[in-house]
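Reviewing the structure listed below.
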Amino acid sequence: MLSLDRPFTYELDEGLVAGIGSLVQVPFHGRLVRGWVLGPTDDVPDRILRVKKAVSPVRFFDRSMLEVIRWVSERYVAPLASVIARSYPPRVASEETNPPTPPRSSTDTPRPDPARILPTYRAGSEMLTALEGGAGAFVVRPAPEDEQRVAVEAVGAALAGGRSGIVLVPELEPLPATASAVLEAFGERVALFAGGSQRARYRMWLDIGSGAFPVVVGTRPAVFAPTPDLGLLYVSRESHAGHREERSPYYHVRDVALARGRASHAVCVMSALCPTAEAVTSGAVDVVPLGRGWPPVEVVRPGPEGRAPRLVSALKAVTRGFVFEPLPGYGVARVCRACGGAAACASCGGMLRSQEGSVRCTVCGADGTCANCGAADFGIVRGGAERVEEWARAVAPVPVRRTGPGDRPTPPGDREVTVGGVEAVKDFGPLGLDLVGILDADQAARRPGLAARERALATWMEAAAWASPRGRVIVQTRHPGDPAVQSLVSGNPERFHRSELPRRADAGFPAGWPVFRVTGDATLVDELEALHPRTLLSSSDEGQTVCLVALDPGAVPAFGRTMRAFAERGVITRVEAEPHL
Ligand SMILES: [Zn+2]
Ligand SMILES: [Zn+2]
169 MLSLDRPFTY ELDEGLVAGI GSLVQVPFHG RLVRGWVLGP TDDVPDRILR VKKAVSPVRF
229 FDRSMLEVIR WVSERYVAPL ASVIARSYPP RVASEETNPP TPPRSSTDTP RPDPARILPT
289 YRAGSEMLTA LEGGAGAFVV RPAPEDEQRV AVEAVGAALA GGRSGIVLVP ELEPLPATAS
349 AVLEAFGERV ALFAGGSQRA RYRMWLDIGS GAFPVVVGTR PAVFAPTPDL GLLYVSRESH
409 AGHREERSPY YHVRDVALAR GRASHAVCVM SALCPTAEAV TSGAVDVVPL GRGWPPVEVV
469 RPGPEGRAPR LVSALKAVTR GFVFEPLPGY GVARVCRACG GAAACASCGG MLRSQEGSVR
529 CTVCGADGTC ANCGAADFGI VRGGAERVEE WARAVAPVPV RRTGPGDRPT PPGDREVTVG
589 GVEAVKDFGP LGLDLVGILD ADQAARRPGL AARERALATW MEAAAWASPR GRVIVQTRHP
649 GDPAVQSLVS GNPERFHRSE LPRRADAGFP AGWPVFRVTG DATLVDELEA LHPRTLLSSS
709 DEGQTVCLVA LDPGAVPAFG RTMRAFAERG VITRVEAEPH L
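All residue numbers for the sequence shown refer to this note's numbering, where the first residue is 169 and numbers rise by one.
Written as structure tokens, this is what we have:
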């Protein structure tokens, strides 16, 4: 609870063999509760109670991890105790007395490929030098064919320097090619920190802490993995939405990795074909190939029903390809065939979409019935991934398969074309496709959300990167001069960021400036205004006021203190950091 978010002082007997990071039992308001030892304090009250007992022999954090945990608590205005509780997996107490797994430092696994890529990148040698014993933050924009090998090379450099590395991937299902490459290169020395039983997961966390695995691969929680001698935090596909924690305490892996890099004197690498505005403005050193390989990208206007003649003729000659269509379904209901009225959901007035053989409301999910007459027969304006699958099948000389929502995405087979949306674009490694089509590119500009265009460009670039250097990428748009389209053509997001950064600032939410969504009572707006935020937007509904606040990065500590005071006074009920805008 934010209102109780402060340390309490107790006397710790030496005989308890406890210290910083220990889980202990203490008396609190007449009850016995658990807490973690944060360290000694000079601020000793007159009356002081004693720590009752040590609950576990395990130290759940050390000084440098506590620094990171405190940073997360302050930056995201989250109670320190809830950040600590989330920094390690649920305890299985009986594992704590089992003998630790011996270190996997044997050299029986092959060393990484000696054909080094990073020395051929601008600032790549600087990054390698830092990895061998120094610190620093780097944004790597790999050439498509280098993405996985750069990660392996960075981990190899950290190990060569006698340090450990953590590779953070946005998801594990399907296993990203970057994760597979690291697993393959370093074998037994890698802890794949994911899934398994609660016992296995806790065992692995204990083993990581005792130094059994010099390499850790995992999703968000792995950013707190207690690897000794940390040298590298590698954030793969930094712009992926999966790096943001969606439950309280909210945090972004990129920012925690940067903070942990500072606390542990380690290197933080943010790797992406299209890094976020936050990474670009973080002050990190850019690492890019000197000569960048990027497939040729042709920009065409969508033809009838979104089919440019050039795309149709390319599909006629395709052997292996991918067609990106961001919209699901077969089409949108426009008119009721019974009464002739405009089609709209009878329950909520929302748009009706034909998908997987039935017409449903895109807003409330109800079966599609006419708001006017109750009929269920509509004239459909065709468009969407199902329709694309249908017409692509009619022209392509090879089988066409669609990845629908809920399907397990897999790359196109040797002689196959796949059709899919965002959910189909995964880290599959270089695929060498002879055709990648990007349809409905203009849809991105109509999506709500400040970062929607950035996310769309990242997805396009990840899909385009599947094309072989001799392959073709065809993007359909009515706005060929759009900076995102231009960045897709060049394979370089700089042009896009040049236009995007001022746009974000004009909207009141400059990249890299902390944003919070605060929920509370009617006095909230005046209270927040007194803090002089960069931007304050508010709305009220049923006695609840919701405010969006953008702050100068330096103002976050003071903001956090105020939020904790508000929580004690009952002014606020919820603080969400970095909400989706
Ligand atoms: Zn509806
Ligand atoms: Zn009707």
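Backbone N, C-alpha and C fix where the C-beta goes; we use that ideal spot for every residue, glycine too.
Proximity of residue i and residue j at Cβ, strictly below 8 Å
| i | j | result |
| --- | --- | --- |
| LEU696 | CYS715 | yes |
| ALA319 | SER432 | no |
| ALA485 | SER515 | no |
| TYR402 | VAL240 | no |
| LEU234 | LEU206 | yes |
| GLY379 | PRO213 | no |
| ALA679 | THR537 | no |
| VAL585 | VAL566 | yes |
| TYR370 | PRO258 | yes |
| PHE306 | VAL437 | yes |
Beta-carbon separation (whole angstroms), residue i vs residue j, contact threshold 8 Å
| i | j | result |
| --- | --- | --- |
| MET295 | VAL455 | 5 Å |
| GLY329 | GLU300 | 4 Å |
| ILE548 | GLY499 | 4 Å |
| TYR244 | PRO417 | 6 Å |
| ALA434 | LEU398 | 5 Å |
| LEU360 | VAL335 | The Cβ separation is near 10 Å, so there is no contact. |
| LEU669 | ALA322 | Going by Cβ atoms, the distance from LEU669 to ALA322 rounds to 27 Å, so no, they are not a contact pair. |
| GLN316 | ALA345 | 5 Å |
Span separating the alpha-carbon of residue i from that of residue j
| i | j | result |
| --- | --- | --- |
| VAL192 | SER255 | 17 Å |
| GLU712 | SER636 | Before going further, note that residue 712 is Gln rather than Glu in the sequence given. Cα to Cα, GLN712 sits roughly 54 Å from SER636. |
| VAL686 | VAL717 | 8 Å |
| GLY738 | LEU170 | 11 Å |
| ALA560 | SER655 | 27 Å |
| ALA326 | ASP230 | 21 Å |
| HIS647 | VAL465 | 15 Å |
| THR387 | VAL260 | 21 Å |
| TRP204 | ILE252 | 8 Å |
| VAL194 | GLY377 | 26 Å |
| PRO477 | ASP582 | 25 Å |
| LYS220 | LEU172 | 21 Å |
| ALA592 | VAL693 | 42 Å |
| PHE492 | ARG702 | 38 Å |
| GLY497 | ALA553 | 6 Å |
| LEU343 | GLU313 | 18 Å |
| THR288 | SER348 | 24 Å |
Under the three-state DSSP convention, the category residue i falls into
| i | result |
| --- | --- |
| ASP276 | The predicted position of ASP276 is uncertain, since its pLDDT is 49 and thus under 50; no value can be drawn from it. |
| LYS220 | coil |
| MET438 | strand |
| VAL739 | coil |
| GLY355 | helix |
| VAL491 | strand |
| PRO267 | coil |
| ARG702 | coil |
| ASP173 | coil |
| SER365 | coil |
Classification of residue i by the beta-carbon crowding that lies within 10 angstroms, buried from 16 upward
| i | result |
| --- | --- |
| ASP276 | In this prediction, ASP276 has a pLDDT of 49, which is less than 50 and means its spatial position is unreliable; nothing more can be read from the coordinates. |
| THR209 | exposed |
| THR691 | exposed |
| THR395 | buried |
| PHE392 | buried |
| HIS197 | exposed |
| CYS541 | exposed |
| ASP608 | buried |
| SER407 | buried |
| GLY489 | buried |
| CYS442 | buried |
| PRO616 | exposed |
| SER190 | buried |
| LEU200 | exposed |
Contact test: residue i Cβ vs ligand 4 heavy atom, cutoff 7 Å
| i | result |
| --- | --- |
| CYS529 | No copy of ligand 4 appears in this structure; the ligands present are ligand 1 and ligand 2. |
Residue-level contact to chain B via CB, residue i, 8 Å cutoff
| i | result |
| --- | --- |
| GLY533 | This model lacks chain B altogether; it includes just one protein chain. |
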